[in-house]
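K.L.:
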Amino acid sequence: GAGVSQSPSNKVTEKGKDVELRCDPISGHTALYWYRQSLGQGLEFLIYFQGNSAPDKSGLPSDRFSAERTGGSVSTLTIQRTQQEDSAVYLCASSLMGTLNTEAFFGQGTRLTVV
Amino acid sequence: TQLLEQSPQFLSIQEGENLTVYCNSSSVFSSLQWYRQEPGEGPVLLVTVVTGGEVKKLKRLTFQFGDARKDSSLHITAAQPGDTGLYLCAGEDDGQNFVFGPGTRLSVLP
Numbered sequence: 164g165a166g167v168s169q170s171p172s173n174k175v176t177e178k179g180k181d182v183e184l185r186c187d188p189i190s191g192h193t194a195l196y197w198y199r200q201s202l203g204q205g206l207e208f209l210i211y212f213q214g215n216s217a218p219d220k221s222g223l224p225s226d227r228f229s230a231e232r233t234g235g236s237v238s239t240l241t242i243q244r245t246q247q248e249d250s251a252v253y254l255c256a257s258s259l260m261g262t263l264n265t266e267a268f269f270g271q272g273t274r275l276t277v278v
Numbered sequence: 241t242q243l244l245e246q247s248p249q250f251l252s253i254q255e256g257e258n259l260t261v262y263c264n265s266s267s268v269f270s271s272l273q274w275y276r277q278e279p280g281e282g283p284v285l286l287v288t289v290v291t292g293g294e295v296k297k298l299k300r301l302t303f304q305f306g307d308a309r310k311d312s313s314l315h316i317t318a319a320q321p322g323d324t325g326l327y328l329c330a331g332e333d334d335g336q337n338f339v340f341g342p343g344t345r346l347s348v349l350p
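For the protein sequence lines, the chains are A and B, in the order given.
The opening position of the first sequence corresponds to residue 164 in the numbering used here, with each subsequent residue numbered one higher.
The opening position of the second sequence corresponds to residue 241 in the numbering used here, with each subsequent residue numbered one higher.
1) Report the CB separation of V289 (chain B) from P321 (chain B) in whole angstroms; it is logged as a contact under 8 Å.
2) Below 8 Å on the Cβ atoms is my guess for V278 (chain A) versus E177 (chain A); work out the distance and round it to an integer in Å.
3) In the DSSP assignment, find the unbroken beta strand (DSSP E) run with I242 (chain A) in it and report its ends.
4) Report the rounded CA-to-CA distance for E278 (chain B) versus G234 (chain A), giving the unit in angstroms.
5) Give me the Cα-Cα distance between S190 (chain A) and F268 (chain A), rounded to the nearest whole angstrom.
6) Please list, in chain order, the chain A residues whose beta carbon lies closer than 7 Å to that of N337 (chain B).
7) Short of 9 Å Cβ to Cβ, which residues in the region 273–286 of chain B face chain A?
8) Contact check, A194 (chain A) vs Q213 (chain A) under 8 Å by CB: the rounded distance?
9) Run through chain A and tell me which residues come within less than 9 Å of L328 (chain B), C-beta to C-beta.
10) Reducing DSSP to helix, strand and coil, say where T262 (chain A) ends up.
11) With three or more C-beta pairs closer than 8 Å as the rule, is the region 201–209 of chain A touching the region 217–231 of chain A?
12) Using a Cβ cut-off of 8 Å, pull out every chain A residue sitting near F340 (chain B), in sequence order please.
13) Whole-angstrom Cβ separation of S271 (chain B) and E332 (chain B), contact assumed at under 8 Å?
14) Excluding the five sequence neighbours on either side, which residues of its own chain have a C-beta within less than 6 Å of the C-beta of P342 (chain B), listed in chain order?
15) With a cut-off of 8 Å on the beta carbons, I'd call D181 (chain A) and R244 (chain A) a contact; round off their distance for me.
16) Residue range of the beta strand (DSSP E) that G352 (chain B) falls in?
17) Are the C-beta atoms of Q246 (chain A) and some chain B residue less than 8 Å apart?
18) For Y262 (chain B), which residues in the same chain have their Cβ closer than 6 Å to its Cβ, ignoring the five residues on either side in sequence?
19) Which runs of the beta strand (DSSP E) spanning at least 3 residues fall entirely within the region 262–328 of chain B, listed in chain order?
20) Exposed or buried, what is N337 (chain B) when buried is set at 16 or more other beta-carbons lying within 10 Å of its beta-carbon?
21) Which residues of the region 219–241 of chain A have a Cβ closer than 7 Å to any Cβ of chain B? Give them in chain order.
22) Is the distance from the Cβ of A230 (chain A) to the Cβ of S238 (chain A) below 8 Å?
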């Protein structure tokens, strides 16, 4: 695709349910990032993939959060047993690895609301 | 962990005024970027600075990278309502991971 695509764009879920968020990066971009943005706040780093491996998982807030990437392309972020504090916009970005001045291209995000 | 701080956190000004926002860190970054995010959208890259002391201009926006590559500033001349948004700075560390600051939320009133 021409840009980073995220789905769903909006998700309302009940507390305690599991949710899966999807990110389809720009073709050929080997680096993929997940961030969380609470209302009126900046970006909170969650996890970073180089290809299919995740060298930096330090941002995942709890063991309820996990992410995977297969085939060096699509990534899914899974939140188990959702809590109300998980409500936020989840942004995915991709970039071309191996070069300086790499630009992170962002999707429009998934707005998650836990009720 | 490399951290970026931004100031001010919020800024509300009248159309036509000038403003400067700052991005600071105790760490050295190989490059630093500025993004603008509008409501309901993902951040979009404005500029990348790489060389210490570098100054880049983008129309009414002037970006400067500190000599030690630890800080940066964004100056907007004659601000317009269309400049309203969240301005984020991001540093690219040696692992090519992007570290974002918390952002400066700018509101330009007509």
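From the three backbone atoms N, C-alpha and C, an ideal C-beta is built for every residue, glycine too.
P.N.:
This is what the structure holds:
1) Actually they are not in contact, since the Cβ atoms of V289 (chain B) and P321 (chain B) sit about 26 Å apart, beyond 8 Å.
2) 6 Å
3) 238–242
4) 32 Å
5) 12 Å
6) Y211, D219
7) So the close ones are Q273, Y275, Q277, G280, E281, G282, P283, V284, L285.
8) Their Cβ separation, rounded to whole angstroms, is 6 Å, which keeps A194 (chain A) and Q213 (chain A) in contact under 8 Å.
9) G205, L206
10) Bear in mind that a pLDDT of 49 at T262 (chain A), under 50, signals an unreliable position, so the model cannot answer this.
11) As far as the Cβ criterion goes, the region 217–231 of chain A touches the region 201–209 of chain A, which means the pair count is three or higher.
12) Y198, G205, L206, F208
13) 5 Å between Cβ atoms; contact.
14) Q246
15) 7 Å
16) In the structure as shown, chain B starts at 241 and stops at 350, and residue 352 (chain B) therefore has no counterpart that could be examined.
17) no
18) S247, S313
19) 271–277, 284–289, 295–298, 301–305, 311–316
20) buried
21) D219
22) yes
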